[in-house]
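Numbering (the UniProt record's numbering), first residue to last: 1 to 198.
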């Protein structure tokens, strides 16, 4: 950019280059680049999980909840990259990493709109995957063994209506006898998987 400013004879190129350079050297811009590295890191980890593993439907919901939690945590404390920005920026000299002079004022993390942006990103994630919370996708939570109640009395009732609803949903592919067996089979699975009453 500075090379264009020094060598260019055209006023329009110089004007554009100065405007772009002014934007790129704003405290806010450099800070938001670091913030986006944190957000993209969380999204990339979730994306890689989807690419590498064959996830069950209920595991997709759990992965998205984890992503939301990571983004929400960034609202309370700066992420790894944003923390680096805060460490390397000197508010008195307005130098970043002792190499780059920045313009504009630094807003403290707690007063910054970073939190609002992260809230919007987190809410988008929740909204985008909200279908997992409503039928018929929500019925498959019954297969998430980690979510099963630990007390035998609670476990015996857990998910019975979900299994019936799934059997009804797939009634075109199941005989009436298979549908009836579905709830009994689930009861057997639950009793087999049950270790001890707590």
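For glycine and all other residues, C-beta sits at the position ideal for the given N, C-alpha and C.
- A contact between stretches requires three or more CB pairs, one per stretch, nearer than 8 Å, and the region 55 to 71 meets this requirement with the region 119 to 139.
- Closest by C-alpha distance to residue 91, out of 78, 128, 84 and 107, is 107.
- The region 147 to 167 and the region 67 to 85 do not touch, with fewer than 3 CB-CB distances between them shorter than 8 Å.
- Taking C-beta atoms as the reference points, residue 105 and residue 27 count as a pair closer than 8 Å.
- DSSP links residue 53 through a beta bridge to no other residue.
- Looking only at 20, 32 and 16, the smallest Cα-Cα distance to residue 113 is reached by 32.
- Here residue 103 carries a strand assignment [DSSP, helix/strand/coil].
- Just so you know, the alpha carbons of residue 50 and residue 99 end up roughly 39 Å apart.
- One Cα belongs to residue 170, the other to residue 46, and the distance between them is close to 30 Å.
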